[in-house]
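Participant:
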Amino acid sequence: MLSKKTKYGLKALTYLASVGTKEPVQIAEIAKHENISQKFLESILLTLRRNGFLGSKKGKGGGYYLIKEPHEIPMTAVMRVLEGPIAMVPCVSLNFYEKCDDCPDEEECSVHKLMLQVRDSALDVYRKNTLADLIS
23 MLSKKTKYGL KALTYLASVG TKEPVQIAEI AKHENISQKF LESILLTLRR NGFLGSKKGK
83 GGGYYLIKEP HEIPMTAVMR VLEGPIAMVP CVSLNFYEKC DDCPDEEECS VHKLMLQVRD
143 SALDVYRKNT LADLIS
C-alpha cells in the first residue's frame with residue numbers, strides 16, 4: 023500500500039508542476055489546496071529538496087519550487103525517494119538486494135518468481151511516467 027508520505031509528496035509535486043511557474047509557493051498554499059497537514063508536508067518537501075527535486079526560498083515571498091521541468095522528473099526516482107525500494111521483498115530489489123533468510127534457493131522460490139513479475143510491472147509503469155504525465 024502506498025504510504026501517506028508518498029501520496030502527499032506526489033500531490034505536492036503535481037500541484038507545484040500545475041502552477042507552471044518557477045516562483046516559490048508557500049507550504050500553507052500547497053497544504054490547503056491538497057488538504058495535507060502543513061507540518062507533515064514540511065518534512066516531505068524537505069526530503070524532496072534534499073534529493074534534488076525542489077528548491078526553496080526563505081523569507082517573504084518564500085516557499086518551494088521545482089528545480090527541474092516536470093518531464094525531467096521520472097516517477098521511478100520520486101517513488102524511490104519517498105517510498106523506498108520498489109520491490110516488495112528484498113530478494114528482487116535492484117538497488118536494495120538482500121537474500122531472504124528463509125529461502126534456500128531463489129531460483130526455485132515461488133514467492134521470488136511472483137515478486138519479480140510484480141517489481142517489473144511496477145517499474146514499467148514508473149519508468150513510462152514523469153511528473154508531466156501526472157498533470158496532463
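To convert, take the position in the sequence shown, counting from 1, and add 22; that gives our numbering. Think of the CB as a built atom: it goes at the ideal place given N, C-alpha and C, for glycine as much as any other residue.
V47 bridges to which residues according to DSSP?
Facilitator: Answer is Y86.
Participant: Do K27 and E105 have their CB atoms nearer than 9 Å?
Facilitator: Yes, the Cβ-Cβ distance between K27 and E105 is below 9 Å.
Participant: Can you give me the C-alpha to C-alpha distance between T69 and E130, rounded to a whole angstrom?
Facilitator: T69 and E130: Cα-Cα distance of roughly 39 Å.
Participant: Pick out whichever of M23, D155, L145, L24 has its Cα sitting closest to the Cα of P92.
Facilitator: Looking at the Cα atoms, D155 is the closest of the given residues.
Participant: To which residues does DSSP link G77 through a beta bridge?
Facilitator: G77 is bridged to Y87.
Participant: For a test of the three-state rule: what should DSSP assign to P92, helix, strand or coil?
Facilitator: Three-state result, P92: helix.
Participant: Given a threshold of 16 other Cβ atoms within 10 Å of its Cβ, counted over all protein chains shown, does T43 qualify as buried or as exposed?
Facilitator: Result: exposed.
Participant: How long is the line joining the alpha carbons of L67 and K82, rounded to whole angstroms?
Facilitator: When rounded, the distance between both Cα atoms is 18 Å.
Participant: Return yes when the Cβ of Y30 is within less than 9 Å of the Cβ of L63, no when it is not.
Facilitator: Contact flag set, yes.
Participant: Roughly how many angstroms lie between the CA atoms of D146 and G74, to the nearest whole one?
Facilitator: Cα to Cα, the separation comes out at about 23 Å.
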